[in-house]
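J.: Can you read through this structure? Questions will come right after.
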Amino acid sequence: MKAGVYQGPGKLEVLEVERPEAGPGEALLEVLYCGVCGTDVKTFVRGHHMFPPPCVLGHEVVGRIVELRGAGPGVKVREGDVVAVAPYVPCYSCEMCRRGRHELCNAKGWIEGGFAEYLTIPATVLERGTFAVPDGMDPKAACLCEPMACCINAVTDTPVRMGDTSLVLGAGVMGLLMLEACKAAGAARVLVSEPDDARRAEAERRGALVVDPTAVSLNEWVAQVAGEAGPDQVFVCVGTAEAAMQGISLVGKGGSVNVFGGLPGGSILDVDARRIHYDEVVLTGSFGFTPEHFRTALGLMASGRLDVADLITHVFSLDDATRAFETASSGQARKVLIAVGAHA
Ligand SMILES: [Zn+2]
Ligand SMILES: [Zn+2]
Numbered sequence: 001m002k003a004g005v006y007q008g009p010g011k012l013e014v015l016e017v018e019r020p021e022a023g024p025g026e027a028l029l030e031v032l033y034c035g036v037c038g039t040d041v042k043t044f045v046r047g048h049h050m051f052p053p054p055c056v057l058g059h060e061v062v063g064r065i066v067e068l069r070g071a072g073p074g075v076k077v078r079e080g081d082v083v084a085v086a087p088y089v090p091c092y093s094c095e096m097c098r099r100g101r102h103e104l105c106n107a108k109g110w111i112e113g114g115f116a117e118y119l120t121i122p123a124t125v126l127e128r129g130t131f132a133v134p135d136g137m138d139p140k141a142a143c144l145c146e147p148m149a150c151c152i153n154a155v156t157d158t159p160v161r162m163g164d165t166s167l168v169l170g171a172g173v174m175g176l177l178m179l180e181a182c183k184a185a186g187a188a189r190v191l192v193s194e195p196d197d198a199r200r201a202e203a204e205r206r207g208a209l210v211v212d213p214t215a216v217s218l219n220e221w222v223a224q225v226a227g228e229a230g231p232d233q234v235f236v237c238v239g240t241a242e243a244a245m246q247g248i249s250l251v252g253k254g255g256s257v258n259v260f261g262g263l264p265g266g267s268i269l270d271v272d273a274r275r276i277h278y279d280e281v282v283l284t285g286s287f288g289f290t291p292e293h294f295r296t297a298l299g300l301m302a303s304g305r306l307d308v309a310d311l312i313t314h315v316f317s318l319d320d321a322t323r324a325f326e327t328a329s330s331g332q333a334r335k336v337l338i339a340v341g342a343h344a
């Protein structure tokens, strides 16, 4: 089978490799589409300790189950089904899982290798994290379940209530998905701060009140738009300490700040302790998701409640994998997918 093999920073080769075989309790998936994620891009640009080359990246996978080998009673999908696969699932038995913090599981079962014609789904992921894409839903859109699930986790950790005013810092693809998650959760108003004109225009088209923080004082604008009470939540969808600190200064009394964008190791936040004590501001963070968040994302997208498919701006064939990665890392694309095999 063909696979896009990552050979080190900046190097991706489409090679003929051995097709994997499903073991007992596993499934063989014929990949239809796989999204290029921020982590894939980081790995492609500068390497990643978790993905030493050579390896096949790709975890935002949608495909067709071509073989089920003696699937257990918990498996809800059948051969022939088009499925979206949550790339990792909790063990439901470690200390973190026992606390109910499934996204922090210490022993996740996981898949990787979506930029290839086939991959095997291990029994744990098959049972807990593999969901049939409902009829009528574009399988391409289902690649957005994974990033959307991260946003569903965030609006669960940092609850958005009906009528709230939410502020999102940054309108890259994750910021735009977060804007949609806030709307779906019931926010009456979503404020978005984004310096890039095209991204800001997209946020506005999606119903946000937008501002260019390089043109006006963000603090003054937020005070004016959100009123005396300030925003109920701030979602920091920019991976800088500066943005996180800005979130803490902008949130209303009693509000929450969710550090959603990943920060480089060693990043330190300077926090005005008066905001934490006198203003009862809550500082939190969200990373990853559970199968429940993934299923919620799929359900909301299938029903049309979350209308995000048009964030997919580019689809490349597997042969064009290098161009797909270059486009994704250029910052000019929103979501880039690779259509694998004969489906391009
Ligand atoms: Zn991802
Ligand atoms: Zn666990």
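Quick note on numbering: the sequence shown equals residues 1 to 344 in the numbering used here.
Positions of the beta carbon are idealized from the N, C-alpha and C atoms, including for glycine.
Our contact map puts E204 next to G170 with C-beta atoms below 8 Å; I'd like the distance itself, whole angstroms only.
T.: Locating residue 204 in the sequence shown gives position 204, counting from the first residue. Locating residue 170 in the sequence shown gives position 170, counting from the first residue. Going by Cβ atoms, the distance from E204 to G170 rounds to 15 Å, so no, they are not a contact pair.
J.: Got a sec? Which residues, its chain only, sit under 8 Å from L311 by beta carbon, not counting five neighbours each side?
T.: Mapped onto the sequence shown, residue 311 falls at position 311. Excluding positions up to five away in sequence, the list reads L144, V173, L176, L177, R334, K335.
J.: Are the beta-carbon atoms of A244 and V251 separated by less than 7 Å?
T.: Along the sequence shown, one-based indexing puts residue 244 at 244. Along the sequence shown, one-based indexing puts residue 251 at 251. No. Outside cutoff.
J.: Do T130 and V56 come within 7 Å of each other at the CB atom, strictly closer than that value?
T.: Numbered from its first residue, the sequence shown carries residue 56 at position 56. Numbered from its first residue, the sequence shown carries residue 130 at position 130. Not a contact, by the Cβ cut-off of 7 Å.
J.: Exposed or buried, A344, counting other C-beta atoms within 10 Å across all chains shown (16 or more means buried)?
T.: On the sequence shown, position 344 is the one that residue 344 refers to. Reliability fails at A344, whose pLDDT of 44 lies under 50, so the model's placement of it is uncertain and the value that follows must be treated cautiously. A344 should be labelled exposed.
J.: In the DSSP assignment, find the beta strand (DSSP E) that holds H314 and state where it starts and stops.
T.: Here the question's residue 314 lines up with position 314 in the sequence shown. Per DSSP, H314 belongs to the beta strand (DSSP E) from 312 to 317.
J.: Would V85 be called buried (16 or more neighbouring beta carbons within 10 Å of its own) or exposed?
T.: Working through the sequence shown from its first residue, we reach residue 85 at position 85. Buried: at least 16 other Cβ atoms inside 10 Å.
J.: Taking 7 Å as the cut-off, decide whether the C-beta atoms of K2 and L318 are in contact.
T.: As a working mapping, residue 2 is identified with position 2 in the sequence shown. As a working mapping, residue 318 is identified with position 318 in the sequence shown. In this structure, L318 lies closer than 7 Å to K2 by Cβ.
J.: For G109, which three-state DSSP category applies?
T.: For the purposes of this step, residue 109 is identified with residue 109 of the sequence shown, where counting begins at 1. G109: strand per DSSP, three-state reduction.
J.: The alpha helix (DSSP H) with L57 in it runs from where to where?
T.: Position 57 of the sequence shown, counted from the first residue, corresponds to residue 57. Note, L57: premise wrong, no alpha helix (DSSP H); not H, not E.
J.: Do the region 148 to 163 and the region 48 to 65 meet, that is, are 3 or more Cβ pairs less than 8 Å apart?
T.: Three or more beta-carbon pairs separated by less than 8 Å are not found between the region 148 to 163 and the region 48 to 65, which leaves the two stretches without contact.
J.: What's the gap between the Cα of G70 and the Cα of G288?
T.: Indexing the sequence shown from 1 puts residue 70 at position 70. Indexing the sequence shown from 1 puts residue 288 at position 288. Annotation: G70 to G288 spans about 30 Å, alpha carbon to alpha carbon.
J.: Anyone know if the C-beta pair for N258 and S217 falls short of 7 Å?
T.: Numbered from 1 along the sequence shown, position 258 holds the residue referred to as residue 258. Numbered from 1 along the sequence shown, position 217 holds the residue referred to as residue 217. Result no, Cβ atoms of N258 and S217 do not sit closer than 7 Å.
J.: Quick check: the Cα distance between A273 and Q224, rounded to an integer number of angstroms?
T.: For the purposes of this step, residue 273 is identified with residue 273 of the sequence shown, where counting begins at 1. For the purposes of this step, residue 224 is identified with residue 224 of the sequence shown, where counting begins at 1. Counting only the Cα atoms, Q224 lies some 24 Å from A273.
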